[in-house]
Structure formats: C-alpha cells, structure tokens
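Down below is the structure, laid out as structure tokens.
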Amino acid sequence: MRIILTEKMKKKVAKGGSVLKACRTRVGGAKGLMAGGITLVVSGVLTGLPFLMSGPGGLVLLCFFGIPGLLCIISGAVLQVRKAAQYTKFYSEQTSYSESDILMADRELLMPQTAVFGNSASRKDIRCYITEHFLVSVTRLECYVRRLEDLRAAFYSEEIPGAEALESGMVFVSRQEIEGEPRINPYTYRKCGGDMNGFLNRESCAEIAEELNKRAPHVITSQKVVRGGVPYDLMGLSHWSEDWRELERREEEA
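So in our numbering the end of the sequence shown lands on 270, straight run, no missing numbers.
This is how it looks when you write it as structure tokens:
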C-alpha cells in the first residue's frame, strides 16, 4: 500500500539525518557484536556477583565474562561508527554511482513528491521509495538504489529462488544487473538475476508497478512479456545478457 509519511515518521526513518544510513546501520555484524558483548557482561555480573563476598571466585567469573564482553561492545561500536561514516562509499560501490549521486538520492527520499510503499501504514514496514530520479528498495540489511533511467524491469514474481523453495516478492532488474553475472534458479534451472525484495506482497508490487508506469514508462512491469512476437520470461532466460540485449532492441523498435 502507499504510505503517507508524517513529520514524526520522517524523523524516525531518517534517524541520524539519512534514510540510507539508517537502513545500512540498523542490523549487521557490528550490532550483533555489541549485543553479544552485552550478553557476556550481563552473564558475568549475574554469575559473579553472588560469589564476590565469599572469595575471589566471583571476581574471576566477573572478569571471565565481563572483559571479553566489554571488548566486543567496544569493537562493535567502532565498527558501527565506521559503517555509518562510510555509507555513501558503500552504496557508491554497490551502484557504480558517485557519492554525490548517493547523497542526491538520500535527499530525495523524504521530498513531498516521493512515493512510499509497504504492506501496511507503519513506518517499520516501508519497503520501497520512488523519488523523482531514483528507486530505492529497502531490504533487511541495506537498500537497493538505482536511477529510474537505469531500471529495466520491476515485477511481482512467485519464482524467486529461496533457501528451500520458490519465494514471492518484487524483482528489480537494472542496467547493472544485465551487465553482471546471472544466477541459475535451482528450481527452474534457468538463468535469472536482479535484486529481490521478498517483503513486498502482490498488492504492494502492483502499486509500485503502477507508479513506475507513470514515472518511468520504459520499465517492464510484468514477468512475462511478448516483444516482436517473441515471448520472454524474465525469471527464466536461456542466455541472460544476450536475451536482454535482444529484448531492449525490440523495445526500442516498438
């Protein structure tokens, strides 16, 4: 569904002044390290304190758990600060865009003309932004950032390769994915690629596709299309790059 951001919601999603930074730093190894460290310190306190009055054993237990725990907390905090400081560099490397382009996308995310989508009205359920120039798909670990002009397809699919079975969600294919190496779908044994957002349901995907039809009509919004009398299944191509080049040629001719 389309989400209307209130000023309060904007402050929450742009924690630290940046949506992309907040998405990049909300989970990951650094936070896991700090959480593990806190667990060790708490374990040391709970285990060691009852024995402190009865001898040195309690202090040994406290140090045994507490010192590694503190080291984990400090290391995690340092990594988290570094991760936040280098978020533009991370997205620049992921997209091939300049860091100034990433900052531009970040600024556009909370502008009034930006369309925001998720499966519910909650800010915690925001999964996609479409700005004047960019599409940003929000997944668990970070964001998928692409210029609308680079985006080639965005469609709902129930044939996304998962850990144990096919999954459903939105598939985004851009110039970068077409130029890269595809993967082999272990269930269909065909070539596929793109970025997958499995958090988006069918209804949300349909609304995103509708918005893209308005803002970027060149983007293909169906998994299966026919161009020049030739059928294409974008989740099951025989020759990834070659098929995409031929499909784009037919798109230009249409």
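Virtual Cβ for every residue (Gly too), placed ideally from N, Cα, C.
According to DSSP, is residue i helix, strand or coil?
{"i": "Phe215", "result": "coil"}
{"i": "Glu267", "result": "helix"}
{"i": "Val235", "result": "coil"}
{"i": "Glu180", "result": "coil"}
{"i": "Gly210", "result": "coil"}
{"i": "Ser138", "result": "coil"}
Span of the alpha helix (DSSP H) holding residue i?
{"i": "Met251", "result": "Neither: Met251 is in no alpha helix (DSSP H) and is coded neither H nor E."}
{"i": "Val29", "result": "23 to 29"}
{"i": "Ala121", "result": "115 to 124"}
{"i": "Arg40", "result": "35 to 41"}
Verify whether the separation of the beta carbon atoms of residue i and residue j is less than 9 angstroms.
{"i": "Arg139", "j": "Ala100", "result": "no"}
{"i": "Leu228", "j": "Leu167", "result": "yes"}
{"i": "Arg123", "j": "Asn135", "result": "no"}
{"i": "Arg206", "j": "Asp249", "result": "yes"}
{"i": "Glu223", "j": "Phe133", "result": "yes"}
{"i": "Val161", "j": "Gln110", "result": "yes"}
{"i": "Leu21", "j": "Cys159", "result": "no"}
{"i": "Arg156", "j": "Phe106", "result": "no"}
{"i": "Thr104", "j": "Ile90", "result": "no"}
{"i": "Ala121", "j": "Ile19", "result": "no"}
Please name the residue, chosen from the options, that lies closest to residue i on a Cα-to-Cα basis.
{"i": "Tyr172", "options": "Cys159, Lys230, Tyr203, Thr237", "result": "Thr237"}
{"i": "Cys221", "options": "Gly185, Ile194, Gly196", "result": "Gly185"}
{"i": "Val187", "options": "Lys27, Ala170, Glu197, Trp256", "result": "Ala170"}
{"i": "Pro177", "options": "Met17, Met127, Gly252", "result": "Gly252"}
{"i": "Ile54", "options": "Leu151, Val189, Ser34, Ile83", "result": "Ile83"}
{"i": "Ser108", "options": "Met25, Glu258, Arg163, Phe215", "result": "Arg163"}
{"i": "Gly32", "options": "Val97, Tyr145, Glu268", "result": "Val97"}
{"i": "Glu180", "options": "Ala121, Gln102, Asn201", "result": "Asn201"}
{"i": "Leu182", "options": "Tyr203, Pro198, Val189", "result": "Tyr203"}
Could you check where the beta strand (DSSP E) with residue i kicks off and where it finishes?
{"i": "Lys240", "result": "240 to 243"}
{"i": "Ile194", "result": "Not the beta strand (DSSP E): Ile194 falls in the alpha helix (DSSP H), residues 191 to 195."}
{"i": "Glu109", "result": "Unbroken run through Glu109 is the alpha helix (DSSP H), 103 to 111; no beta strand (DSSP E)."}
{"i": "Ser153", "result": "150 to 154"}
{"i": "Tyr160", "result": "159 to 163"}
{"i": "Arg18", "result": "Premise fails: Arg18 is in no beta strand (DSSP E) and is neither H nor E."}
{"i": "Arg16", "result": "Lying outside 17 to 270, the shown extent of the chain, residue 16 is not represented and no answer is given."}
Flag this pair as touching only if the stretch 176 to 193 and the stretch 206 to 216 have three or more C-beta atom pairs under 8 angstroms; answer yes or no.
yes
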